[in-house]
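Chemist: Residue numbers (this note's numbering): 816 to 1099.
Don't be surprised by glycine CBs; every beta carbon is placed ideally from N, CA and C.
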Amino acid sequence: MSNFLSKLFGSKNKASKTVTFGDSSFVNAPGGRIWTFISIGTLILLWVLSSIFEWVKPIYWPPIQDVWNQFFIISSEGFRNSTLLEHVTASVARVLAGFLLGCLIGIPLGFALALSKTMNRIFDPIVEFLRPMPPLALIPLVILWLGIGESAKIFLLFLASVWILALAARSGAMSTNLSKVHAAYTLNASKRQILFHVILPNALPEIFTGMRVAIGVCWGTVVAAELVAAESGLGMMVMVASKFLSTDIVVLGVILISLIAYVIDIFMRYLERRFVPWRGKVKH
816 MSNFLSKLFG
826 SKNKASKTVT
836 FGDSSFVNAP
846 GGRIWTFISI
856 GTLILLWVLS
866 SIFEWVKPIY
876 WPPIQDVWNQ
886 FFIISSEGFR
896 NSTLLEHVTA
906 SVARVLAGFL
916 LGCLIGIPLG
926 FALALSKTMN
936 RIFDPIVEFL
946 RPMPPLALIP
956 LVILWLGIGE
966 SAKIFLLFLA
976 SVWILALAAR
986 SGAMSTNLSK
996 VHAAYTLNAS
1006 KRQILFHVIL
1016 PNALPEIFTG
1026 MRVAIGVCWG
1036 TVVAAELVAA
1046 ESGLGMMVMV
1056 ASKFLSTDIV
1066 VLGVILISLI
1076 AYVIDIFMRY
1086 LERRFVPWRG
1096 KVKH
């Protein structure tokens, strides 16, 4: 039990760091999760108190008990012929499909932009032109190109993530210390070995940051993606409920989208600590 508590809240027996400000590894160090629980608990407490004393009634924020009741109603009876689990599963599947497709295209494209002068001159104007374009503005074109099936929704989420991942990979690859590349060539390393053993490890921190941002943008875009004739999904549930001013269902959908995105972000942080343990360490 003591080991579990020490892992959860951080062991006090460990030597404390003498330098914390400016040390990025200190921010994401294990321990100190008690403050996370305190901040979340404070927000829930304020919501409960506002529901009791009607502090936020003028802005039509639903009471917490109404949202809680809708959670059980939709979980058991469903919403628009789909249970809550089916809505969650549909949205998660679309987001992950669009995000993974963005990784498969965006990361290699970013490396190409950083390592090839020709590829940079060809694709950099395209990337910079399409990057600031909001996915919502592309919905009519996506419907014309791909119809109203699942491929249209996934493609819209792909467009929301691919440019972020491309820029993150390019930034990471271009930040590689040139002396490391020269040292690898001195040891007769091939271009493939330099790519996978020098440039890729150096770019991984930037790539993971881009992945975390991209998947967050995908979750923010899922509401727009599910405007394309979706029969299930959290985004569809939020949009339909908003038309009938069912604010309790809208808030429930927003909370679920945020919670799932947060869980995925925690998983991405774990992968980052697992595969990029040198992030924040001194570079030699």
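Among 1045, 851 and 1000, which one has its Cα closest to the Cα of residue 897?
Modeler: Here the closest residue by C-alpha is 1045.
Chemist: To the nearest angstrom, report how far apart residue 1101 and residue 951 are at their CA atoms.
Modeler: Given that the chain is displayed from residue 816 to residue 1099, the structure contains no residue 1101 and the question cannot be resolved.
Chemist: Inspect the beta-carbon positions of residue 998 and residue 926 and report whether they are closer than 7 Å.
Modeler: No, Cβ-Cβ distance for residue 998 and residue 926 is not below 7 Å.
Chemist: Using three-state DSSP, classify residue 1082 as helix, strand or coil.
Modeler: In the structure shown, residue 1082 sits in a helix (DSSP, three-state: H, G or I).
Chemist: Measure the alpha-carbon distance for residue 1007 versus residue 916 and round it to whole angstroms.
Modeler: Residue 1007 and residue 916: Cα-Cα distance of roughly 23 Å.
Chemist: May I have a chain-ordered list of the alpha helix (DSSP H) segments no shorter than 4 residues that lie completely inside the stretch 1025-1065?
Modeler: Listed in chain order, they are 1049-1058.
Chemist: Which runs of the alpha helix (DSSP H) at least 4 residues long sit entirely within the stretch 862-929? Give them in chain order.
Modeler: Whole alpha helix (DSSP H) segments, 4+ residues: 879-892.
Chemist: Work out the CA separation of residue 937 and residue 894 for me, nearest whole Å.
Modeler: If you take the alpha carbons of residue 894 and residue 937, they lie about 47 Å apart.
Chemist: Cβ atoms of residue 1063 and residue 881: under 7 Å apart, would you say?
Modeler: Yes, the pair counts as a contact, with Cβ atoms nearer than the cut-off.
Chemist: Leaving out five residues before and five after residue 980 in sequence, what residues of the same chain have Cβ atoms less than 7 Å from its Cβ?
Modeler: Cβ neighbours of residue 980 beyond the five flanking positions: 917, 918, 921, 922, 925, 1025, 1026 and 1029.
Chemist: How many angstroms separate the CA atom of residue 1090 from the CA atom of residue 1060?
Modeler: Going by the C-alpha atoms only, they are around 45 Å apart.
Chemist: Just mark residue 1036 as buried or exposed, buried being the case when its beta carbon has 16 or more other beta carbons within 10 Å.
Modeler: Per the 10 Å Cβ criterion, buried.
Chemist: Would you check if the distance between the CB atom of residue 1056 and the CB atom of residue 1065 is smaller than 7 Å?
Modeler: Yes, these two residues count as a Cβ contact at 7 Å.
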